[in-house]
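These notes concern the structure reproduced below.
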Amino acid sequence: MTEKKRITTIDVTPRDSDAVEISLYAAREKIHPKSINGRFERIRQLTVWSTMGLYLAMPWVQWDGRQAVWFDLPGRQFHIFSLSFWPQDFVFLSWLLILAAFALFFVTVLAGRVYCGYVCPQTTWTRFFTSIEDWIEGDRSARFKLDAAPWTASKIIKRTSKHSAWLFLALITGITFVGYFTPITELVYRLSQGFLGSWEIGGWEAFWIGFFTLATYMNAGWMREQVCMYMCPYARFQSVMFDDDTLIVSYDERRGEPRTRGAKSRDESNAGDCIDCGLCVQVCPTGIDIRDGLQYECITCAACIDACDLVMDKVGKPHGLIRYTTQHALEGLKTRILRPRLIAYGAVLTAMTVMFAAALWLRVPAELDVIRDRTNLYRIASDGSIENSYRLEVMNKTQRSQTFRLTFEGPDGLVWSGPEEIYVSAGGHATVGVTLGFDPFYHTVATGPVWFYLEDIDEQGIRRQRESRFISGSP
Ligand code: SF4
Ligand code: SF4
Numbered sequence: 001m002t003e004k005k006r007i008t009t010i011d012v013t014p015r016d017s018d019a020v021e022i023s024l025y026a027a028r029e030k031i032h033p034k035s036i037n038g039r040f041e042r043i044r045q046l047t048v049w050s051t052m053g054l055y056l057a058m059p060w061v062q063w064d065g066r067q068a069v070w071f072d073l074p075g076r077q078f079h080i081f082s083l084s085f086w087p088q089d090f091v092f093l094s095w096l097l098i099l100a101a102f103a104l105f106f107v108t109v110l111a112g113r114v115y116c117g118y119v120c121p122q123t124t125w126t127r128f129f130t131s132i133e134d135w136i137e138g139d140r141s142a143r144f145k146l147d148a149a150p151w152t153a154s155k156i157i158k159r160t161s162k163h164s165a166w167l168f169l170a171l172i173t174g175i176t177f178v179g180y181f182t183p184i185t186e187l188v189y190r191l192s193q194g195f196l197g198s199w200e201i202g203g204w205e206a207f208w209i210g211f212f213t214l215a216t217y218m219n220a221g222w223m224r225e226q227v228c229m230y231m232c233p234y235a236r237f238q239s240v241m242f243d244d245d246t247l248i249v250s251y252d253e254r255r256g257e258p259r260t261r262g263a264k265s266r267d268e269s270n271a272g273d274c275i276d277c278g279l280c281v282q283v284c285p286t287g288i289d290i291r292d293g294l295q296y297e298c299i300t301c302a303a304c305i306d307a308c309d310l311v312m313d314k315v316g317k318p319h320g321l322i323r324y325t326t327q328h329a330l331e332g333l334k335t336r337i338l339r340p341r342l343i344a345y346g347a348v349l350t351a352m353t354v355m356f357a358a359a360l361w362l363r364v365p366a367e368l369d370v371i372r373d374r375t376n377l378y379r380i381a382s383d384g385s386i387e388n389s390y391r392l393e394v395m396n397k398t399q400r401s402q403t404f405r406l407t408f409e410g411p412d413g414l415v416w417s418g419p420e421e422i423y424v425s426a427g428g429h430a431t432v433g434v435t436l437g438f439d440p441f442y443h444t445v446a447t448g449p450v451w452f453y454l455e456d457i458d459e460q461g462i463r464r465q466r467e468s469r470f471i472s473g474s475p
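Note that my numbering has the sequence shown beginning at 1, numbered continuously upward.
So this is what it looks like as structure tokens:
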């Protein structure tokens, strides 16, 4: 009998003595980007301050006596200035998200990742966190030195100050975020009462403030470029939207190579313009070397352009060794701005924006729901008339109280019993019960449709109609 050999392990020891073991895990190298001045830095300052300012200020803006932007989840209404959206308007939110996605596609095809470099919240908050770090711990080289230094009193004070400042900014971010969902003036007042010893913050509010404080502190303070490189899906799929005419930040290899370091080498006639100073790498928030070509880590912030322009000024060469350009331009070809993909995205975006604006414009700021009494399809009253009962629910989506007129249309002989007007407070809803009936002695009314109408008595053109059925018991 042949003995079967049982394989329990697979020997994968490299046979080749030259084989090299490659680890799939690489420890993160800490990045301390160097601060730089320049024309794109000025634009970045403007955009990140605007993004942060808008985020922090918006919940404090009042409109018609309430918070201008308020996502009132318990009240199931979203208020954006004079518009109030109810759950029935969910389609507008979906539409808005689709519009935002198409706008992002359009901008990406045209100008690459400018969103990442200039207005993305991750970029914005990281910029503020690194500015705090720069201010407390010093410039790039001071920060590297501090990292390597032993834990002295000075290092402990600097680190404690930095993390306290980070946590403070993160806490403001968390409170502001919750302030979009609960009136921020009340929230801040209740928080201040908490500091005075009387805790009035709800469990969910406390949870979300804590969650966003921690998320901001971790994302902008600790993880920084790793969020862009490993967590953000946009970094992964943007490459499929790029083409050779998309604006990118690129190093001009034909002009820069062969790079030579130092002034002596510059005398060589075949030297390229790059002096290999490494400044473009030192200022990069994601720590890449743009001279290696376009990489998915590049957030198109243009810090390397500012850095290289500064170096070119010093060595007396023209700007633009690193610049915003396109692949076609680098190859000496003409850049085509209008191309089929961009035109298609632009056309869809324009059409959807127009349709969205029209739908918003034509949106009726009231709702009427008609609910038939399902327990009794019809009822025979003591005088012999046949009656159907309905519950009418009226929603007033405007920012002021309204009185609505209720009417109906149906077969001759039907008589309305119930209120003919209904008062609904601003952003509120009200319910009223009505009965339609007829006297079979005088009329013959078959089962059939009836229409209920809602109109504002101020005649501002608010009108709603809903169909229901009258059931008479005969076909
Ligand atoms: S900053 Fe400019 S000159 Fe310096 S290494 Fe980068 S590309 Fe070369
Ligand atoms: S390579 Fe240049 S543009 Fe890209 S992220 Fe780094 S500094 Fe910003």
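Cβ coordinates follow ideal geometry from the N, Cα and C atoms, glycine included.
The structure presented is a predicted model; accordingly, all values stated were derived computationally and were not measured.
Beta-carbon proximity list for residue i, same chain, < 6 Å, skipping 5 on both sides
i    : result
H319 : D309 and M312
M395 : E367 and H429
G117 : I299, T300 and C301
Q402 : N396, V424 and D456
R466 : L368, V370 and F452
R143 : H32 and E137
Backbone CA spacing between residue i and residue j [nearest angstrom]
i    : j    : result
Q193 : I175 : 15 Å
G461 : Q62  : 27 Å
D273 : R254 : 9 Å
Y390 : I422 : 15 Å
H443 : S417 : 17 Å
V415 : L436 : 5 Å
T51  : W125 : 9 Å
L73  : T182 : 8 Å
S141 : T160 : 20 Å
P14  : E29  : Since pLDDT at P14 reaches only 48, below the 50 mark, its modelled position is unreliable, and the value read off the structure follows with that caveat. Each residue's Cα considered, the two are about 29 Å apart.
I533 : T173 : Lying outside 1 to 475, the shown extent of the chain, residue 533 is not represented and no answer is given.
R259 : K314 : 16 Å
R42  : R463 : 51 Å
F212 : M218 : 10 Å
R374 : E409 : 21 Å
First and last residue of the uninterrupted alpha helix (DSSP H) at residue i
i    : result
M312 : A303 to V315
E253 : E253 to G256
I156 : A153 to G179
Spatial neighbours of residue i in its chain, beta-carbon cut-off 7 Å, leaving aside the 5 residues before and after
i    : result
V12  : With a pLDDT of 43 at V12, under the threshold of 50, the modelled position of that residue is not reliable, and the figure given next carries that caveat. Excluding positions up to five away in sequence, the list is empty.
L338 : none
E331 : none
S239 : Y296
S468 : V370, R372, Y390, V450 and F452
G473 : Y378 and I386
D147 : K30
G179 : P59 and L187
Neighbourhood of residue i by C-beta distance below 8 Å, restricted to the same chain and skipping five residues each side
i    : result
F129 : W166, L169, A220, G221 and R224
T8   : Note that T8 has pLDDT 39, beneath the 50 cutoff, so the model's placement of it is unreliable and no number is given.
G256 : G272, D273, C274, R291 and L321
L99  : L349, M352, T353 and F356
Minimum C-alpha distance to residue i - residue among the options
i    : options                   : result
R400 : P121, G287, S164 and D458 : D458
Q88  : Q77, F81 and L96          : Q77
V276 : D72, R261, P285 and S164  : The identity of residue 276 in the sequence shown is Asp, whereas the question assumes Val. Nearest of D72, R261, P285 and S164 to D276, Cα basis: R261.
P121 : T47, W416 and R469        : T47
Y55  : A344, M241, S468 and F177 : F177
T398 : V445, F85 and W60         : F85
G427 : I184, W70, Q226 and I305  : W70
A206 : T185, D245, L191 and Y217 : L191
T326 : L294, I380, Y115 and I209 : L294
G433 : E200, D439, D412 and L406 : L406
I288 : L187, C228 and V119       : C228
Y115 : A344, C232, L279 and G203 : C232
I380 : V364, L362, P340 and F441 : F441
I184 : K334, E409 and A57        : A57
G132 : S164, K155 and Q226       : According to the sequence displayed, residue 132 carries Ile and not Gly. I132 has its Cα closest to that of S164, out of S164, K155 and Q226.
G138 : K155, V109 and W151       : K155
Exposed unless 16 or more other CB atoms sit within 10 angstroms - verdict on residue i
i    : result
V456 : Correcting the residue identity first, residue 456 is Asp in this sequence and not Val. D456 should be labelled buried.
Y230 : exposed
Y189 : exposed
K158 : buried
T2   : Bear in mind that the predicted position of T2 carries a pLDDT of just 39, short of 50, making it too unreliable to give a figure here.
I305 : buried
D245 : buried
F470 : buried
V445 : buried
T431 : exposed
Extent of the continuous beta strand (DSSP E) to which residue i belongs
i    : result
I337 : Taken as a continuous stretch (DSSP letters only), I337 belongs to no beta strand (DSSP E), as it is neither H nor E.
W70  : V69 to D72
H429 : H429 to F438
V107 : Per DSSP, V107 belongs to no beta strand (DSSP E); it is in the alpha helix (DSSP H), F90 to A111.
G448 : G448 to D456
Beta carbon proximity, residue i to chain C, threshold 8 Å
i    : result
G473 : Looking for chain C here will not work: only one protein chain is present.
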